[in-house]
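Just so you know, we're using this note's numbering here: the sequence shown kicks off at 14 and counts up by one. Built from N, CA and C at the ideal position, the CB exists for glycine as well. Model, not experiment: these values are computed from the prediction. Each remark here refers to the structure printed beneath this line.
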Amino acid sequence: MTFGRWDLAELLELGGMLDERIAELDGERLGEWLSAALLRVRDREGVERVLAANAAQRAFEQRRGRQNIVLKARQMGMTTWVAGRFFLKTITARGVLTVQVAQTRDAAEAIFRTVQRFWDHLPESLREGALRRSRANVGQMIFPELDSEFRVLSASDENGGRGLTIQNLHCTEVSRWPGDAAATLAGLRAALTPMGEVVLESTPNGASGCFYEEWTASEERGMVRHFLPWWMERAYVGEVVDNLREDERELVREHGLTAAQIGFRRHLEASYRGLRAQEFAEDAETCFRATGACCFEIEAVERRLGQVGAAVERRMGGALEVWLPPIAGKDYVLGVDTAGGGPNGDFAVVQVIELTMGVQCAELRVRVGALELARLAAELAREYGQAMLGVERNNHGAAVLAYLDSLERYPRVYAQGGMAGWLTTAGNKPGMVSRLGALLVNQPWLFASRRLLEECRTFVSRPGGGSGAANGSHDDCVMAMAIAQAVRAEMLTRRVN
Numbered sequence: 014m015t016f017g018r019w020d021l022a023e024l025l026e027l028g029g030m031l032d033e034r035i036a037e038l039d040g041e042r043l044g045e046w047l048s049a050a051l052l053r054v055r056d057r058e059g060v061e062r063v064l065a066a067n068a069a070q071r072a073f074e075q076r077r078g079r080q081n082i083v084l085k086a087r088q089m090g091m092t093t094w095v096a097g098r099f100f101l102k103t104i105t106a107r108g109v110l111t112v113q114v115a116q117t118r119d120a121a122e123a124i125f126r127t128v129q130r131f132w133d134h135l136p137e138s139l140r141e142g143a144l145r146r147s148r149a150n151v152g153q154m155i156f157p158e159l160d161s162e163f164r165v166l167s168a169s170d171e172n173g174g175r176g177l178t179i180q181n182l183h184c185t186e187v188s189r190w191p192g193d194a195a196a197t198l199a200g201l202r203a204a205l206t207p208m209g210e211v212v213l214e215s216t217p218n219g220a221s222g223c224f225y226e227e228w229t230a231s232e233e234r235g236m237v238r239h240f241l242p243w244w245m246e247r248a249y250v251g252e253v254v255d256n257l258r259e260d261e262r263e264l265v266r267e268h269g270l271t272a273a274q275i276g277f278r279r280h281l282e283a284s285y286r287g288l289r290a291q292e293f294a295e296d297a298e299t300c301f302r303a304t305g306a307c308c309f310e311i312e313a314v315e316r317r318l319g320q321v322g323a324a325v326e327r328r329m330g331g332a333l334e335v336w337l338p339p340i341a342g343k344d345y346v347l348g349v350d351t352a353g354g355g356p357n358g359d360f361a362v363v364q365v366i367e368l369t370m371g372v373q374c375a376e377l378r379v380r381v382g383a384l385e386l387a388r389l390a391a392e393l394a395r396e397y398g399q400a401m402l403g404v405e406r407n408n409h410g411a412a413v414l415a416y417l418d419s420l421e422r423y424p425r426v427y428a429q430g431g432m433a434g435w436l437t438t439a440g441n442k443p444g445m446v447s448r449l450g451a452l453l454v455n456q457p458w459l460f461a462s463r464r465l466l467e468e469c470r471t472f473v474s475r476p477g478g479g480s481g482a483a484n485g486s487h488d489d490c491v492m493a494m495a496i497a498q499a500v501r502a503e504m505l506t507r508r509v510n
């Protein structure tokens, strides 16, 4: 297939055919053919070559939809491929705005250099004619004949999408976006037209944060998932090995890896150690690792996550999950982690456990203010036979305790030193967390909540001391359970004494 005029009419004709499979091209999409025919890139050795799809890029092309999320190993060429695809969509249609968003300004400038190279190697008739630019400063390329534009932004600009109408959106290395990545992404999505195309793409960076949450919720949102393991890159080979371990033999059996690829994997183990599974992903679950040092035994948490089932009852749109309904004659404890309410703040959580064994019976996770939380907690405590209410009195807890006393008149509220409520301090928090960690290892069957266990994966030690949720994550379920188990332990001690 050949095209000769390279004028505006021909470009617009091609734009309507980019996704079509062409018989003359052995069923290849026209867009893929044009990438190799028109676009030039510099490979990892610094050699300039045509942009022809590699194995990972072909896999993406075969399955891509209008909304895509890509979880990948390092340096698979996806950023360049999507840049090329969206560049073609920008120069073959009228009134198109394409936006690529990188994790840093340096990364954004590198992407724009790639796009600049695309333009530099176009036929002169296009560069001097239909694709003559009115502006080509750092990060922006405008084609006045088409009224189309290509922009590359940094995620550090939280208002980058404000006021725009975007047809093609590519967000790269989302797991490493700074600040409130979820808010930045939400602003960009709001600027995307209803039929616009979006690609979210990243290597993993812990089982927390914006990209992790996008990946876990992607199927519910109708996004096409693409997982690209490291062995799809043919350059990833090392010295041939023959004394394979069992885990290596399993990779050979399941994925057809060669002895040279196993040699590369061993090199990764020596170079990256514990981060190998994150930087060079092999499956879409174990590649996510908690950011920082997880306070809990991650293997025990992962094991229990694979065992828990659905709640026997769900209320309030899933906010309240019940695994064990109340049984007459049994005693129960409620741990309450309070919050200020509001649609974007922390959750308020109530954990219900049985006093003798400590088994989790129910969990309420909502964003409500102190007054409503007091009502819901008292209602749940009454349902569980006038259970003991252990309310954290830090921060918003004081208001919840006041409402429980003055409005709900709930009689069984846990008290320390004559003061209602549980006080979490820098002195007792490590013990609370350690107690919960020991239960997760020794009695994992006590815990039934997937929400709780997922928070445990991202509950980390902090560089300045202390512990809490990793950036972009929540720890409300964890803290409510830690409070419940701590209150239970003190109640059992008092009972014995």
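- D488 sits buried, since 16 or more C-beta atoms from the chains shown fall within 10 Å of its C-beta.
- Between the segment 289-300 and the segment 430-438 there are fewer than three inter-stretch CB-CB distances shorter than 8 Å, so the stretches are not counted as touching.
- Counting C-beta atoms within 10 angstroms of its own C-beta, Q180 has 16 or more neighbours from the protein chains shown and is therefore classed as buried.
- In the DSSP assignment, the residues bridged to Q373 are I366.
- Within the same chain, Cβ atoms closer than 7 Å to the Cβ of L135 are found at L51 and L144, the five residues on either side in sequence being excluded.
- By the 16-neighbour rule on beta-carbons within 10 angstroms, H268 is exposed.
- The segment 270-283 makes no contact with the segment 328-346; the number of CB pairs closer than 8 Å stays below 3.
- Of the candidates L139, S169 and A123, A123 places its Cα closest to the Cα of V151.
- A439 and G479 have their C-alpha atoms roughly 7 Å apart.
- For W243, the secondary structure class from DSSP, reduced to helix, strand or coil, is helix.
- Within its own chain, the residues whose Cβ lies closer than 7 Å to the Cβ of L205, once the five positions on either side in sequence are excluded, are I179, L182 and V211, listed in chain order.
- For secondary structure counted as the alpha helix (DSSP H) over 4 or more consecutive residues, the segment 256-303 holds these complete runs in sequence order: 259-268, 272-285 and 289-292.
- The Cβ-Cβ distance between V253 and A168 does not fall below 7 Å.
- The beta carbon of R107 is closer than 8 Å to those of L25, L159, D160 and S161 in its chain, skipping five residues each way along the sequence.
- If the five residues before and after G410 are omitted, its C-beta is found closer than 7 Å to the C-beta atoms of T351, V404 and G434, all from its own chain and listed in chain order.
- In the structure shown, E186 adopts coil according to DSSP, grouped into three states.
- Beta-bridge annotation (DSSP): S480 is paired with S474.
- Pairing W19 with S147 gives a Cβ-Cβ distance that is not under 7 Å.
- For the set I340, R507 and V365, the Cα lying nearest the Cα of S462 is the one of V365.
- DSSP places F73 in the helix class (H, G or I) of the three-state scheme.
- In the three-state DSSP reduction, K85 falls in the strand class (E or B).
- Assigned with DSSP and collapsed to three states, I496 falls in helix.
- Per the DSSP secondary-structure output, F156 pairs in a beta bridge with S161.
- DSSP places T92 in the uninterrupted alpha helix (DSSP H) bounded by M91 to I104.
- The Cβ atoms of Q373 and L449 do not sit closer than 7 Å to each other.
- The C-beta distance from M89 to E246 rounds to 6 Å, short enough to meet the 8 Å contact threshold.
- Within the DSSP bridge table, the entry for Y345 names E367 as partners.
- Within the model, the alpha-carbon separation for P157 versus A96 is close to 20 Å.
- The C-beta of E58 has fewer than 16 other C-beta atoms within 10 Å across all chains shown, which makes the residue exposed.
- Boundaries for G403: no alpha helix (DSSP H) harbours it, while the beta strand (DSSP E) harbouring it runs M401 to V404, taken from the DSSP string.
- Rounded to whole angstroms, the separation of the alpha carbons of N408 and L31 is 57 Å.
- Following the DSSP letters along the chain, one finds V426 in no beta strand (DSSP E), marked with neither H nor E.
- Under the three-state reduction of DSSP, M30 is assigned to coil, being neither helix nor strand.
- Secondary structure of Q116 (DSSP, three-state): coil.
- The continuous beta strand (DSSP E) containing V212 extends over residues L205 to S215.
- Annotation: the continuous beta strand (DSSP E) that includes E61 extends over E61 to V63.
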